[in-house]
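Residue numbers (our numbering), protein chains in the order written: chain Z, 474 to 1144; chain C, -13 to 181.
In this text, a Cβ means the ideal position worked out from N, Cα and C, and glycines have one as well.
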């Protein structure tokens, strides 16, 4: 914990952690210091001058965004002089703002509107200015309207900080404009449509493209949830109006490097209303899928499962929630089948996913072992953004990979080659520098001769206080060995709840996913969207999914499940943290959550499964083994192409939403 | 050729001081400041200076009002208080210094005491003094003077007059007039004023 500093703000005595700035310190005491350009978690630039405050004894007012707390200072945030300055600045901004709050989508959350209200400014006393910039609305995601822009530069900085670097200013002063390179529309720039700029914009200059007359902030119901589309499992905040999702924002804490969601998470929600949505159970009659009742469908499935018994198999995505996984495990044991596995086994062994939780915000050295996160290919984009932000805030990055990675551009050290060998060399480098390490590690590494690069890596490692290693699951053991010396290591799966399903006990004790899909089972029960388009060899195929995928079309029974915003539950993200998902909207049609369906099937098969409680989940989460020395070796047979995998498990999300436009335009650019 | 170094605010001030009218000085300074050393890194300065330019233009164009003077004063004093760097603060101080006289007010009334704000003045030819020599017509680059030279063999002549729409108020005609027949007049009061 940082030292606490005592200070007085507006005659309130408060305590704030050492090194924090006055805006954050005041916020903890419930005092809001006006600001337009400040972004929590980034150094203040002092452009808007709204956060000027007076410190008793100081000659002139100082900007609160860039002034650190000091013991005993007395700060006044609301003197007449300062209020006049703030009024003056808002007055000036209003003179070049459209002032159409009555139809503006941002009304209610617009900072400018709020300050104009606070200072009682109906309109500007200065000369009206209009620049008539053209609007960029050539893409279905983000609309840029420079006429609303107040030139605070938040979008520019947020884009630069996370490493996307698309936006910048053209010109200076009044009449300047935020542009992409050569002032091209967004889709012709290197924009990834993550929408971080939309979250940062204090006014209506950057907005989701489809928001016009779809409701304003006060009409929305907000739900905290988690995105389940890839291994990152980012926090999201879902805004719904009249039972429909209106928008999704990042749910990460302000100032955290994890306040990021990618285009999938932010704009993929259209898929909930896609044409491919299954809204009622279906069974195969002749060669066609026909709608049927839940009762009929459940009875057929239960009967088939019971008959098949131990030769029935269950394969699921690792994107189901913990509760679903627990129920699924019980259902399998009900019909006495051990064949239960998830797609997590394609890229990881079970033990590698049982890691303690870690915190990236405090890491000062990040090592990426065998991972190639990228915002552009949308492989673990949030990890890419978080790492780049940490690096921009002073942390060091080491990239260890056998191939080329995009992120190595910001790395302090990038070593190409056999990852496990390099990790062992770094460990040996640390030993050769005389660091205190466990004895068995010294023995294991006795014959390793570190390369020059590895020595550099070892130096960085030793200089760091909190090294954090993100490893691909196949390299987790080798990475965890390093964490025996210092810091922590986690395996980063490709799917959102891979860690959760493994901890819940679906760890491939029976037949593995590959075996079930390739060798054939008498009955195969598929849950969620799998990277599988052709019907595997099986007598009877049940597909339980929210969308009619290619595989579902070939199924004998299709059970409609709730999509990812339509059910509550918990999951464990890639950093090992338990996260809660709240239901934001009701399931479409007759769809039910995975666990409701599984429980109904179990009931029809003669077994009552109770809905898992929080305590059950917490109990299951305790099964985390201690880190111990393992061989420095890469595990074989776990190589999948992460990009292909993420795209195929999200095929119905992508094809059923405006993301399809993105995919096609990216393809068009690539050709 | 080496790239020209960015002007310093003090240099611009010196250039501005070459003018006599404080309003003209301020406008010249602000325009040069906007084109040159204004960095655009803080709102009070970048937006304030732009607004001040509009207001000063109003004054020199004869469209000024008390509100303009009030606005300029407010901009300058707030900039002095809240600008991020010395350049902005200096700019504000210069403007305030130039505003120290009543000259700004006189501009609202339509008078530029230093006869520099060309929108506020007109050139006139006093027929009584004019000897119809035609020197002014020859000197005028803008063809703004009508009239015909007196010729011995002709009985009549056209009196010399200045076409206000064409006149750019460069002052070339005054310099060549042998009899000081061309004078400056306040646009608003239409009263003749001395040079």
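Rounded straight-line distance, which links the Cα of residue 818(Z) to that of residue 771(Z): 28 angstroms
Per-residue contacts from residue 20(C) into chain Z (C-beta, under 8 angstroms): 646
Alpha helix (DSSP H) segment containing residue 776(Z), residue limits: 767 to 781
Closer than 8 angstroms at the beta carbon, the chain C residues around residue 554(Z): 67
CB-CB length for residue 866(Z) against residue 872(Z), believed under 8 angstroms: About 18 angstroms; that fails the 8 angstroms criterion.
Listed by chain order, chain C residues near residue 415(Z) by CB distance under 9 angstroms: An answer regarding residue 415(Z) cannot be provided, because it is not within the stretch 474 to 1144 covered by chain Z.
Chain-ordered neighbours of residue 15(C) on chain Z, where CB pairs are closer than 7 angstroms: The premise fails here: residue 15(C) is roughly 16 angstroms from chain Z at the closest Cβ pair, so nothing lies under 7 angstroms.
Residue-chain proximity (residue 27(C), chain Z), Cβ-Cβ < 8 angstroms: yes
DSSP-derived helix/strand/coil call for residue 488(Z): strand
Contact list for residue 50(C) against chain Z, beta-carbon separation under 9 angstroms: Going along chain Z, no residue has its Cβ under 9 angstroms from residue 50(C), so there is no contact; the nearest lies around 12 angstroms.
Residue 576(Z), buried or exposed, once every other Cβ within 10 Å from all chains shown has been counted against 16: exposed
Identity of the residue in 557(Z), 1101(Z), 624(Z), 655(Z) nearest residue 639(Z) by Cα: 655(Z)
Under the three-state DSSP convention, the category residue 126(C) falls into: coil
Bridge partners - residue 1034(Z), DSSP secondary structure assignment: 1065(Z)
Chain Z contact for residue 110(C) (CB, 8 angstroms cutoff): no
Top-ranked residue by Cα proximity to residue 513(Z), from 851(Z), 590(Z), 726(Z): 726(Z)
Status (buried if at least 16 other CB within 10 Å, exposed otherwise) for residue 1093(Z): buried
Residue 37(C), buried or exposed, once every other Cβ within 10 Å from all chains shown has been counted against 16: buried
Proximity of residue 18(C) and residue -6(C) at Cβ, strictly below 8 angstroms: no
Positions along the stretch 492 to 525 of chain Z whose CB lies within less than 9 angstroms of some CB in chain C: 509, 510, 518, 519, 520, 521, 522, 523, 525
Cα-Cα separation between residue 874(Z) and residue 895(Z), rounded to whole angstroms: 9 angstroms
Test item: CB-CB of residue 860(Z) and residue 956(Z) under 8 angstroms: no
Backbone CA spacing between residue 165(C) and residue 115(C) [nearest angstrom]: 6 angstroms
Extent of the continuous alpha helix (DSSP H) to which residue 90(C) belongs: 89 to 94
Beta-carbon neighbours of residue 888(Z), restricted to chain C and to distances below 8 angstroms: Within 8 angstroms Cβ-Cβ: nothing; residue 888(Z) doesn't reach chain C, min ~40 angstroms.
For residue 843(Z), the nearest candidate out of 716(Z), 944(Z), 1096(Z), 702(Z) (CA to CA): 944(Z)
C-alpha gap between residue 110(C) and residue 13(C), whole angstroms: 26 angstroms
Alpha-carbon spacing of residue 810(Z) relative to residue 1046(Z), whole angstroms: 28 angstroms
Boundaries of the beta strand (DSSP E) in which residue 172(C) is found, first to last residue: 168 to 172
Near-chain C residues of the stretch 541 to 575 of chain Z (beta-carbon distance less than 8 angstroms), N- to C-terminal order: 554, 557, 558, 561, 562, 565, 566, 568, 569
The beta strand (DSSP E) enclosing residue 615(Z), as first and last residue numbers: 615 to 617
Min CB distance residue -6(C) to chain Z below 8 angstroms: no
Closer than 7 angstroms: residue 902(Z) CB and nearest the ligand ADP heavy atom: As presented, the structure is devoid of all ligands, the ligand ADP included, so that no description of it is given.
Straight-line Cα distance separating residue 16(C) from residue 1(C): 12 angstroms
C-beta atoms of residue 974(Z) and residue 791(Z) nearer than 8 angstroms: yes
Where residue 641(Z) falls: helix, strand or coil (DSSP): strand
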